[in-house]
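Its first residue numbered 51, the sequence shown is counted upward by one per residue in the UniProt record's numbering.
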Amino acid sequence: KKIENMKIMISGAPASGKGTQCELITKKYGLVHIAAGDLLRAEIAEGTENGKRAKEYMEKGDLVPNEIVVMMVKDRLSQPDSVEKGWLLDGFPRSSSQATALQEFGFKPDLFILLDVPQDILVDRVVGRRLDPVSGKIYHLKYSPPESEEIAARLTQRFDDTEEKVKLRLETHNQNVESVLSLYQDIIVKVDGSADKDDVFAQIDKALAKLS
Ligand code: AP5
Numbered sequence: 051k052k053i054e055n056m057k058i059m060i061s062g063a064p065a066s067g068k069g070t071q072c073e074l075i076t077k078k079y080g081l082v083h084i085a086a087g088d089l090l091r092a093e094i095a096e097g098t099e100n101g102k103r104a105k106e107y108m109e110k111g112d113l114v115p116n117e118i119v120v121m122m123v124k125d126r127l128s129q130p131d132s133v134e135k136g137w138l139l140d141g142f143p144r145s146s147s148q149a150t151a152l153q154e155f156g157f158k159p160d161l162f163i164l165l166d167v168p169q170d171i172l173v174d175r176v177v178g179r180r181l182d183p184v185s186g187k188i189y190h191l192k193y194s195p196p197e198s199e200e201i202a203a204r205l206t207q208r209f210d211d212t213e214e215k216v217k218l219r220l221e222t223h224n225q226n227v228e229s230v231l232s233l234y235q236d237i238i239v240k241v242d243g244s245a246d247k248d249d250v251f252a253q254i255d256k257a258l259a260k261l262s
């Protein structure tokens, strides 16, 4: 059966490559990329009450409370572009209560992509990650360096991208991941995320091509 407006979830440990793969997926499949972490960072940047509260949890590598994050994601999923083009949900749900909430609102994915990356690689990826505030592109000083001096000069680093904080984020991930996976076990495709980013994409592309 061919699916017109694909609904995809992507999950994996911190720095497993979710954002990087979402760039490649949206370029080819035109889905709307909805990243819980990006929505939260936008609230922080705007200085809203929710943003201020969320930052306290993000600083500690903890999950932000559902009362902030669930409606935020639900509202984005309900926007006309997401309904029309289909969506690619990144970093949500991160607990069984978030998964249940989505289900109750009627959002059901066609495929659940799990990026599998060994922990020692994750720390290396986090500390070298940089972001281009102009294009929104994700770089890595070693694995995906900027194309020009001009871009290199304006790269920024996320406030939770230190070795100490990624360990806390990883603990939170490890505590919650099984309960989420068990709810989607029939539609999970597990991908080796330790490979080169184009090889990782090739694995994902194969799974998506079967649906589209
Ligand atoms: P979030 O923003 O979702 O962060 P995360 O899950 O820790 O994931 P990252 O964005 O760090 O990594 P990524 O997997 O996207 O990797 P990337 O592609 O950038 O969440 C942040 C915080 O917000 C949470 O800690 C929590 O507090 C809160 N939050 C978010 N969602 C929530 C929710 N649902 N409920 C409650 N709280 C929530 O890649 C990483 C680096 O590696 C880059 O430099 C990249 O260039 C490089 N790289 C990528 N792929 C490869 C490759 N194949 N080979 C070599 N290098 C690679």
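Every residue, glycine too, gets a C-beta built ideally from N, C-alpha and C.
The structure presented is a predicted model; accordingly, all values stated were derived computationally and were not measured.
Cutoff 8 Å; reference residue i; Cβ partners in own chain excluding five residues on either side
| i | result |
| --- | --- |
| Lys187 | Glu73, Leu181 |
| Asp112 | Leu218, Thr222 |
| Asp210 | Met108, Glu109, Gly111, Val216, Arg219 |
| Pro159 | Lys57, Ile58, Met59, Leu139, Tyr234, Ile237 |
Residue i vs residue j beta-carbon contact at 8 Å
| i | j | result |
| --- | --- | --- |
| Leu164 | Ser61 | yes |
| Tyr79 | Met59 | no |
| Gln261 | Leu127 | The displayed chain sequence assigns Leu, not Gln, to residue 261. Cβ distance not < 8 Å, so Leu261 and Leu127 don't count as in contact. |
| Leu172 | Ser66 | yes |
Span of the beta strand (DSSP E), counted from its first residue to its last, around residue i
| i | result |
| --- | --- |
| Asp242 | 238-242 |
Run of the alpha helix (DSSP H) containing residue i, from where it starts to where it stops
| i | result |
| --- | --- |
| Met59 | Taken as a continuous stretch (DSSP letters only), Met59 belongs to no alpha helix (DSSP H), being part of the beta strand (DSSP E) at 57-62. |
| Asp249 | 247-261 |
| Leu218 | 213-231 |
| Ile201 | 199-204 |
Contact with chain B by residue i, beta-carbon distance below 8 Å
| i | result |
| --- | --- |
| Gln148 | In summary, chain B is missing from the structure at hand, where a single protein chain is found. |
Other residues of its chain near residue i: CB distance less than 7 Å, five sequence neighbours each side excluded
| i | result |
| --- | --- |
| Val120 | Gln148, Ala151 |
| Ser146 | Ser229, Val230, Leu233 |
Same chain, Cβ closer than 6 Å to residue i, five either side skipped, listed in chain order
| i | result |
| --- | --- |
| Val176 | Ala65, Asp211, Val216 |
| Ser132 | Val82 |
Using 8 Å as the cut-off, can you tell me whether the stretch 131-144 makes contact with the stretch 75-85, which would need three or more C-beta pairs spanning the two stretches below that distance?
The stretch 131-144 makes contact with the stretch 75-85, as at least three CB pairs between them are under 8 Å.
Under 8 Å, with one C-beta from each stretch per pair, do the stretch 94-102 and the stretch 254-261 reach the 3-pair mark?
Judged by Cβ distances under 8 Å, the stretch 94-102 makes no contact with the stretch 254-261, as fewer than three pairs qualify.
Which complete alpha helix (DSSP H) runs does the stretch 163-189 hold, if anything under 4 residues is left out?
Complete alpha helix (DSSP H) runs here, min 4: 169-178.
Of all the beta strand (DSSP E) runs that stay within the bounds of the stretch 65-145, which reach a length of 3 or more residues?
Entirely contained in the stretch 65-145, the beta strand (DSSP E) runs reaching 3 residues are, in chain order, 82-85, 137-140.
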